[in-house]
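>
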Amino acid sequence: MEKLGLIAGNGRFPILFAKGARDNNVPIIAVGIEGETSPEIEQYVEKLYWVGVAQIGKLIKVFKQEHISKAVMAGGLKKTNMFSSWRNLRFLPDLRTINLWYKHVKKRDDHSLLGAVANELLKDGIELQNSTLYVPQLLAQKGTLTKRQPTEKELEDVHFGWHIAKEIARLGIGQCIVIKEKVILAVEALEGTDEAIRRGGNLGKENIVVIKVSKHDFDPRFDIPTVGLETVTTLKESSASVLALEAEKTLILDVEETIQAADRAQIAIVGL
Numbered sequence: 001m002e003k004l005g006l007i008a009g010n011g012r013f014p015i016l017f018a019k020g021a022r023d024n025n026v027p028i029i030a031v032g033i034e035g036e037t038s039p040e041i042e043q044y045v046e047k048l049y050w051v052g053v054a055q056i057g058k059l060i061k062v063f064k065q066e067h068i069s070k071a072v073m074a075g076g077l078k079k080t081n082m083f084s085s086w087r088n089l090r091f092l093p094d095l096r097t098i099n100l101w102y103k104h105v106k107k108r109d110d111h112s113l114l115g116a117v118a119n120e121l122l123k124d125g126i127e128l129q130n131s132t133l134y135v136p137q138l139l140a141q142k143g144t145l146t147k148r149q150p151t152e153k154e155l156e157d158v159h160f161g162w163h164i165a166k167e168i169a170r171l172g173i174g175q176c177i178v179i180k181e182k183v184i185l186a187v188e189a190l191e192g193t194d195e196a197i198r199r200g201g202n203l204g205k206e207n208i209v210v211i212k213v214s215k216h217d218f219d220p221r222f223d224i225p226t227v228g229l230e231t232v233t234t235l236k237e238s239s240a241s242v243l244a245l246e247a248e249k250t251l252i253l254d255v256e257e258t259i260q261a262a263d264r265a266q267i268a269i270v271g272l
């Protein structure tokens with residue numbers, strides 16, 4: 001069986017992907033990002049290497065050494081690190097990353113950056129694959145996924161906010177909004193979904209509706225919207241009543257546990 005490379009970011013997704021590949025007898029050569037990737041992933045892969053977040057040259061060298069021609073990106077990176085003090089010294093970018101950043105990344109949004117990384121990998125014969133390749137069961141399905149159904153009023157908020165969320169995503173600002181009674185309480189930006197939910201919860205107090213969508217230039221190779229147990233915990237803490245997701249384009253990590261947690265919290269999860 002041909003080996004598959006895995007560029008593993010933070011969160012549960014890289015681990016679940018590695019498990020899925022292992023269940024399909026696909027050997028995984030993983031490259032973890034220092035300070036981001038959970039060491040737990042090591043038990044599910046054939047080999048695990050470590051690189052800094054800005055060491056694309058080193059990452060490619062590892063894959064070439066392992067004769068990798070196909071790879072997958074899974075998991076995220078803490079975007080707020082972009083503005084931390086001494087970031088250039090801490091990230092220690094290699095020459096290939098510096099060249100990529102200043103010559104080939106015209107915009108600083110996720111799609112442009114990850115697309116540039118994909119093109120850089122391809123220069124060395126490494127093709128990025130669909131990141132749901134061995135975990136299609138994690139994609140949100142259409143319909144109400146929980147025992148609790150959204151009320152008519154909540155559905156009105158979902159339909160009202162859906163196109164707003166898609167426009168925010170198209171503009172490259174974020175992929176999540178928080179709404180209540182057709183008033184936008186929070187829009188996700190650099191801080192991420194959980195913090196946006198918390199801000200919306202502080203303003204809305206209770207029964208807020210959260211909408212999470214994909215980008216207009218959705219690319220299944222990277223940056224797929226993701227929710228999971230941590231999301232449900234944040235929703236509960238913020239007194240949310242509904243989470244609306246874009247079906248077939250959003251990952252629900254640890255699906256059964258996440259749905260069960262939402263049921264216990266009386267939160268409706270809906271795929272549109």
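Sequential numbering of the sequence shown, starting at 1, is according to full-length UniProt numbering.
For each residue, glycine too, the CB sits at the ideal point set by N, CA and C.
Bear in mind the structure is a predicted one, so any value in this text is a computation, not a measurement.
Have a look at 180, 200, 183, 182 and flag the residue whose alpha-carbon is nearest the alpha-carbon of residue 189.
Counted from its first residue, the sequence shown places residue 189 at position 189. Nearest option by C-alpha distance: 200.
> Using a Cβ-Cβ cutoff of less than 6 angstroms, which residues in the same chain neighbour residue 92 once the five nearest sequence positions on both sides are dropped?
Taking the first residue of the sequence shown as position 1, residue 92 is located at position 92. Result list for residue 92: 52, in chain order.
> Less than 8 angstroms between C-beta atoms, sequence neighbours within five positions excluded: which residues of the same chain meet that for residue 40?
In the sequence shown, the residue the question calls residue 40 occupies position 40. Here the set comprises 15.
> Rounded to whole angstroms, what is the Cα-Cα separation between residue 271 and residue 71?
As a position in the sequence shown, residue 271 is number 271, starting the count at 1. As a position in the sequence shown, residue 71 is number 71, starting the count at 1. Near 29 angstroms, if we compare the C-alpha coordinates of residue 71 and residue 271.
> In chain order, which continuous runs of the beta strand (DSSP E) of length 3 or greater are located wholly inside the UniProt domain "LpxI C-terminal" (142-270)?
176-180, 183-187, 208-212, 240-245
> At the 7 angstroms Cβ level, is residue 163 part of the contact set with chain B, yes or no?
Of the protein chains in this structure there is only one, and it is not chain B.
> Give the straight-line distance between the Cα atoms of residue 213 and residue 177, rounded to the nearest whole angstrom.
The residue you call residue 213 lines up with position 213 of the sequence shown. The residue you call residue 177 lines up with position 177 of the sequence shown. Between residue 213 and residue 177, the C-alpha separation is close to 9 angstroms.
> Use the C-beta contact count for residue 273: other C-beta atoms within 10 angstroms, 16 or more gives buried, fewer gives exposed.
The chain is shown only over 1 to 272; residue 273 falls outside these bounds and no answer can be derived.
> Suppose contacts are defined by Cβ-Cβ distances below 7 angstroms. Is residue 247 in contact with residue 140 by that definition?
The residue you call residue 247 lines up with position 247 of the sequence shown. The residue you call residue 140 lines up with position 140 of the sequence shown. Their beta carbons are under 7 angstroms apart, which means residue 247 touches residue 140 by this criterion.
> Any chance the segment 193-209 sits against the segment 221-240, with 3 or more Cβ pairs inside 8 angstroms?
Short answer: they touch.
> If you run the structure through DSSP and keep just helix, strand and coil, what is residue 47?
If you number the sequence shown from 1, residue 47 lands on position 47. Strand at residue 47.
> Specify, as a first and last residue, the run of the beta strand (DSSP E) that residue 92 falls within.
Working through the sequence shown from its first residue, we reach residue 92 at position 92. Here residue 92 belongs to no beta strand (DSSP E), and DSSP marks it neither H nor E.
> Rounded to whole angstroms, what's the CA-CA distance from residue 187 to residue 128? Just pull it up for me.
Here residue 187 is taken as the residue at index 187 of the sequence shown, counted from 1. Here residue 128 is taken as the residue at index 128 of the sequence shown, counted from 1. Approximately 30 angstroms, taken between the alpha carbons.
> In angstroms with no decimal places, state the Cα-to-Cα distance between residue 47 and residue 30.
Along the sequence shown, one-based indexing puts residue 47 at 47. Along the sequence shown, one-based indexing puts residue 30 at 30. Roughly 6 angstroms between the two C-alpha positions.
> Could you tell me the alpha carbon to alpha carbon distance between residue 170 and residue 215, rounded to whole angstroms?
Counting from 1 along the sequence shown, the entry for residue 170 is found at position 170. Counting from 1 along the sequence shown, the entry for residue 215 is found at position 215. Distance between the alpha carbons of residue 170 and residue 215: 6 angstroms.
> Mark residue 151 as exposed unless 16 or more other C-beta atoms lie within 10 angstroms of its C-beta, in which case mark it buried.
Taking the sequence shown and counting its residues from 1, the one referred to as residue 151 is at position 151. So residue 151 counts as exposed.
> Taking residue 202 as the reference, give the member of 225, 234, 224, 217 with the closest Cα.
Here residue 202 refers to the residue found at position 202 of the sequence shown. That would be 234, whose Cα lies nearest to the Cα of residue 202.
> Out of 136, 126, 55, 33, point me to the one whose CA is closest to residue 101's CA.
For this step, residue 101 is matched to residue 101 along the sequence shown. If we check each option's Cα against that of residue 101, 55 comes out closest.
> Within its chain, find whatever has a CB closer than 6 angstroms to the CB of residue 222; leave out the 5 residues flanking it on each side and keep chain order.
Numbered from its first residue, the sequence shown carries residue 222 at position 222. By the criterion of a C-beta distance shorter than 6 angstroms, residue 222 is surrounded in its chain by 73, 114, once the five residues flanking it on both sides are discounted.
> For the structure I just gave you, are there three or more beta carbon pairs, one from the segment 247-265 and one from the segment 223-233, closer than 8 angstroms?
The segment 247-265 vs the segment 223-233: in contact.
> Apply the 10 Å Cβ neighbour rule to residue 180 and answer buried if 16 or more other Cβ atoms are within range, or exposed otherwise.
What you label residue 180 is simply residue 180 of the sequence shown in a count that begins at 1. When all chains shown are included, residue 180 counts as buried.
> Nearest to residue 265 by alpha carbon, out of 245, 236, 256?
Within the sequence shown, residue 265 is the residue found at index 265, counting from 1. When C-alpha distances from residue 265 are compared across 245, 236, 256, the shortest belongs to 236.
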